[in-house]
Structure formats: C-alpha cells, structure tokens
Amino acid sequence: MRLIILLLLLVCSLHVYPQAYTTTITNFHTRFDVAGEAIDAHDGEIACFDGTYYLYGTSYGCGFEWGNKGAPFCGFKVYTSTDLVHWTDKGALFDAGTAIWQSRCDGSTYGCFRPHVIYNRKTGMYVLWINVYDNSVGFRVFTSHSPAGPFTETPVPRLAVNSDAPVAGLNNGDHDTFVDTDGTGYIAYTDWRAKGAIVIEKLTPDYLSGTGEHVKEVTPGQTEAPSLFHRNGIYYITYSDPNCGYCAGTGTSYKTAPAPLGPWSAGKKISDSSCGGQPSFVSVIRLKDDVMYLYGSDLWNNAAKNEALGNYYWAPLSFGPDGAILPMKCMEQASFTLAAGAAGKQQDNTTTDDRYMSLCDIGGAVQRRQSFTATKSGTLEKLTYTTFKTGYPDAGLQLSVTDAGGKILSTELIAADSIGWSPGNITIYPGIKVKAGSTYQLLLQSASTKGCYGLEYSYNGNGSAYSKDNGASFTTAQKGKLKYQLFINKSGH
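In the UniProt record's numbering, the protein residues as written are 1 to 493.
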C-alpha cells in the first residue's frame with residue numbers, strides 16, 4: 001500500500017497521456033530545446049506533475065560568474081517535456097532582474113542555486129526552495145498555482161540548523177526537498193558550518209518552513225548535493241562524495257534508512273566520478289511496467305566561473321535484490337518505456353540526434369567556415385547560427401554568406417551584447433538569390449582581441465573548415481559540421 005500511495009504522490013498521472021511511450025536519452029552531448037537552443041538550467045532537478053516533466057535549474061546564459069563582482073544573476077529557468085528528450089523553454093520561475101534579486105544573488109555574493117519544486121496536496125500550491133547566501137538560514141521559499149510559475153516569495157523559512165548564524169555567511173548549502181508517502185515534507189540540506197555534513201529536517205504542513213524535528217550529520221562532512229527518495233520501504237539519500245563545487249568527476253555515495261530521520265546506514269560509493277560530473281538529483285519516474293529512479297549529474301565545464309556550457313548526465317539507477325544501489329555504469333544512451341508520455345517535436349530542422357559539442361575559438365586570427373548546398377532555387381531570406389561567447393569579446397561576430405569561391409554576397413555584424421553565454425540561435429537576413437544545387441559558404445569571423453565566439457560542432461556531417469591566419473588559408477575538416485539552419489523562399493512564392 002505504501003508503494004501505491006508513493007506512486008500517486010510522486011509520479012506522473014496517467015489521465016493526461018494514457019498511452020505508454022518509449023524514449024531514448026542521449027548523454028555527453030549538448031542538449032537543445034525544441035527551438036534549437038542549448039538548455040540553460042543547471043544544478044536543479046526533473047519533476048513530474050500531471051503527465052508533464054519539468055526541468056528546473058539555475059541559468060548562466062546572461063553571464064553570471066561565481067566570484068566576479070560585476071557579473072549579473074541570471075535567475076532560474078524551467079523547461080517542459082512529454083518524453084524527457086524534447087524540451088520547451090517556459091522561461092523564468094520569477095523575475096530575477098530586479099534590484100533586490102541582483103543584490104541577493106549577483107557575482108558580488110556567493111550566488112543563488114539549486115531550485116527544487118514539490119507539490120502540496122493540502123494547499124494546492126507548488127512550493128519552490130532555492131539556496132541563497134544573503135540571509136542566515138541559506139534558503140528562500142516561493143509558492144505558485146502552476147509548476148512553471150510565476151512563483152511568489154513567502155516569508156523567510158526557519159530551520160533547526162544555522163537560522164541564527166551570521167547573515168550572508170557560508171551557513172547552509174545544497175539541498176533537496178522530498179514528499180513522503182503520507183504527504184509529509186522534508187528537506188535535506190548541507191551544513192557548511194559542520195564542514196559539509198548533511199541535515200534532514202521535517203517541514204511544516206505547508207512545506208514553507210522547518211519544524212525543528214531533524215537529524216544532524218547524516219554524513220560526516222566533506223559532502224554536498226543530497227537527493228532524498230523512497231523505494232520499496234527503504235529511504236535513500238545520495239550525495240556528492242567528496243564535495244567539490246563546479247568540479248568534473250566527484251564521486252556519488254548513498255545511505256539508507258527505515259525512515260527519513262533515520263537511523264541512517266554507513267555510506268556506500270556507487271561512482272568515483274558521477275560519470276564526469278557532480279550528482280544533482282534522483283527523480284521518480286513511472287514506467288509502463290515499473291518505476292524508474294532517474295539519476296542526474298551536472299557535467300560542469302572544467303570548473304569555469306560561468307557554467308553556461310555545463311552539460312548533463314541522466315540515466316536510471318539499478319538496484320540489487322536487497323535494495324542496494326548497484327555501482328553505476330556510465331551510459332551514452334538510456335532507453336525506457338514511460339507509462340505516461342508522448343512524442344515531442346523539434347521546431348528547427350536540426351536534430352538532437354546529431355550529437356553536437358561546444359567549441360570556442362572564433363576571434364582574432366581564427367575564422368570558421370561552413371559550406372552548404374541550396375536545396376531549391378529562390379531567396380535565402382533567413383539563416384540562423386548557433387553560437388555563444390566566452391571571456392568578454394571586445395568586438396562583434398561577423399556572419400557572411402559567400403559563393404563557393406569566397407566572394408561575399410551578404411554580411412552582417414552581430415554586437416557582442418546580443419550574444420549570450422549559453423549556446424543560442426542568432427539570425428541574419430541575407431536576402432540573396434540562391435540556385436538549387438549550387439554551393440555557398442557561411443563565414444564566421446571577429447576582430448575581437450580577447451575572449452572568443454563559439455560553435456556547436458557535430459561529426460555527423462561535413463563541410464566545415466577553419467583558418468588560423470585571418471582567412472588567408474583554410475583547412476577543411478575531414479568530418480564535421482556546424483549547427484545552422486537555412487530558410488529559402490522558393491522562386492515565385
């Protein structure tokens with residue numbers, strides 16, 4: 001009976017998408033939304049409400065850099081999906097551009113991270129907890145009538161640990177929220193003043209604050225990023241072991257208990273590297289004939305201060321007959337049949353199956369070029385190219401369309417301020433005539449003396465080339481293509 005109640009509380013309702021759907025997740029490559037832009041939601045979670053999957057995370061696309069006093073706070077984003085592959089950008093959870101939120105979370109602070117959303121059946125509200133460093137307790141709480149927001153802030157919560165600590169210090173950190181089978185809410189959080197020991201505390205009935213009923217030192221220290229879940233009468237907590245912010249390849253360990261407040265077992269390590277990242281969440285997902293515990297880790301970008309290029313690893317956990325989590329096997333792909341799901345649809349004509357990777361080198365003497373063949377005669381009205389910036393370029397990105405011999409047919413300069421730090425689409429409007437079967441080139445260059453502009457690169461294609469001498473000569477890649485999209489208006493239309 002406990003398992004049945006758990007499924008009702010934590011997994012997707014079947015009335016929205018009654019048909020089972022088989023889906024495949026691909027790891028270790030850039031994840032794009034349905035518009036063809038990179039997903040910019042990190043250190044969060046995947047939740048499922050009423051048949052729809054929600055991906056919550058911290059945004060870095062506006063240029064937030066940890067420790068850079070002049071860097072803005074980018075806020076928190078949410079994406080939705082019906083198949084865990086095709087994600088639609090639903091925007092910000094709340095307006096983070098206000099003066100108060102910039103003062104709380106910009107680069108002059110320790111930042112704000114880890115959005116987690118749970119649903120309270122008694123109040124009918126979705127409750128968002130985020131980790132902050134501008135108050136004593138280390139958290140702020142919000143509510144909304146919709147899982148996609150907008151969320152409205154509620155009074156500052158009080159927890160058993162560090163609520164009276166100095167304001168704006170390193171008090172409490174990475175957390176997870178969890179709803180038990182009986183509807184009781186809990187928060188697992190990291191106590192920085194105990195050197196990274198994890199605390200679990202029971203929440204008030206409305207999930208907006210702690211009750212004071214808690215257990216300290218679930219882990220002995222040097223840990224963070226907890227995730228709390230329940231399976232077959234056993235409670236589990238996974239966590240980063242050791243703790244290492246923005247590190248690529250920290251371990252994942254777990255403990256078990258008969259109840260959320262323990263007693264908790266000794267820890268067991270299930271991965272030395274978290275498949276190249278740092279653990280972020282474990283989500284309960286209903287399958288056609290089973291329940292899946294989807295593990296997620298953040299594949300950080302080599303501890304960069306801006307993590308807009310950070311990627312994701314998602315794959316199911318495996319369990320032994322005794323309930324032990326088996327050592328993780330890092331999977332490039334994972335296929336499973338969702339109990340509630342539907343095929344998503346890509347809006348652009350590029351494909352998530354091409355397995356793009358992010359590179360950044362355009363600027364100064366380095367240029368990039370991509371050839372393409374017109375599929376029909378007409379006017380090339382629009383061209384989109386997926387790019388980003390790193391390191392504060394001091395000049396814009398120039399996009400030119402040339403003929404096969406390099407003669408420029410159209411050119412446009414995109415200002416540096418118009419390009420984000422997360423891979424996104426920029427659009428030019430060449431307005432030139434093209435002929436079916438003829439070859440043309442997209443030329444990318446910048447006069448910037450610092451930083452660089454990026455590209456999304458796939459080995460599943462060809463036609464790309466690069467120059468290291470200001471375009472005097474180009475080396476053609478044996479295999480590879482850039483991510484772009486053409487819009488040709490057929491002659492006579």
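Backbone N, C-alpha and C fix where the C-beta goes; we use that ideal spot for every residue, glycine too.
Bear in mind the structure is a predicted one, so any value in this text is a computation, not a measurement.
**Q.** Span separating the alpha-carbon of C62 from that of S103
**A.** 16 Å
Q) Who are L55's beta bridge partners in DSSP? A) I46 and Y79
Q | Neighbour-count burial assignment, L228, 16 or more Cβ in a 10 Å radius | A | It counts as buried.
Q: My understanding is that C48 touches F73, with C-beta atoms under 8 Å, so please give their C-beta distance in whole angstroms.
A: 28 Å between Cβ atoms; not a contact.
Q) Three or more C-beta pairs closer than 8 Å, one from the segment 268 to 283 and one from the segment 231 to 249: is that the case here? A) yes
Q) If you draw a straight line from the C-alpha of L10 to the C-alpha of V284, how long is it? A) With a pLDDT of only 45 at L10, under the threshold of 50, the placement of this residue in the model should not be trusted; the figure read from the coordinates follows. Taking the straight line from one Cα to the other gives about 7 Å.
Q) What's the C-alpha gap between D43 and K468? A) The C-alpha of K468 is placed about 36 Å away from the C-alpha of D43.
Q. If you pair each beta-carbon of the segment 215 to 235 with each one of the segment 188 to 207, do three or more pairs fall below 8 Å?
A. yes
**Q.** Reference L399, options R121, D241, A315 and K382, closest by Cα
**A.** Residue K382 is the option with its Cα nearest to L399.
Q | Complete runs of the beta strand (DSSP E) confined to the segment 76 to 130 [at least 3 residues] | A | 76 to 81, 88 to 92 and 113 to 120
Q) Just curious, the beta strand (DSSP E) that T26 is in, first and last residue? A) Element bounds for T26: Y21 to T26.
Q: Tell me whether A374 sits in a helix, a strand or coil according to DSSP, three-state version.
A: coil
Q: Alpha carbon to alpha carbon, how far is V167 from residue 498? Give it in angstroms, no decimals.
A: No information on residue 498 is available, as it lies outside the stretch 1 to 493 that the chain covers here.
Q: Under 8 Å by Cβ, that's how I've got G471 and P393 pegged, so tell me the actual separation to the nearest angstrom.
A: About 18 Å; that fails the 8 Å criterion.
Q | Alpha-carbon to alpha-carbon, G364 and T476 | A | 19 Å
**Q.** Beta-carbon spacing of G262, Y313 below 8 Å
**A.** no
Q. Using DSSP with H/G/I as helix, E/B as strand and the rest coil, what is S418?
A. Helix, per DSSP.
Q: For A339, name the three-state secondary structure that DSSP assigns.
A: coil
Q. Between the segment 64 to 72 and the segment 28 to 42, are three or more C-beta pairs nearer than 8 Å?
A. no
Q.
I'd like to know whether the C-beta atoms of A38 and S422 end up nearer to each other than 8 Å.
A. Yes.
(Q) Taking the beta strand (DSSP E) that P226 belongs to, which residues open and close that run? (A) E224 to R231
Q) What's the gap between the Cα of T52 and the Cα of H86? A) 12 Å
Q: Could you tell me which residues DSSP pairs with residue 494 in its beta bridges?
A: The question about residue 494 has no answer, for the chain in this structure spans 1 to 493.
Q. Looking at the structure shown, is R193 part of a helix, part of a strand, or coil, going by DSSP?
A. Helix.
Q: Could you please give the first and the last residue of the uninterrupted beta strand (DSSP E) stretch that includes Y207?
A: Element bounds for Y207: n/a, residue is neither H nor E.
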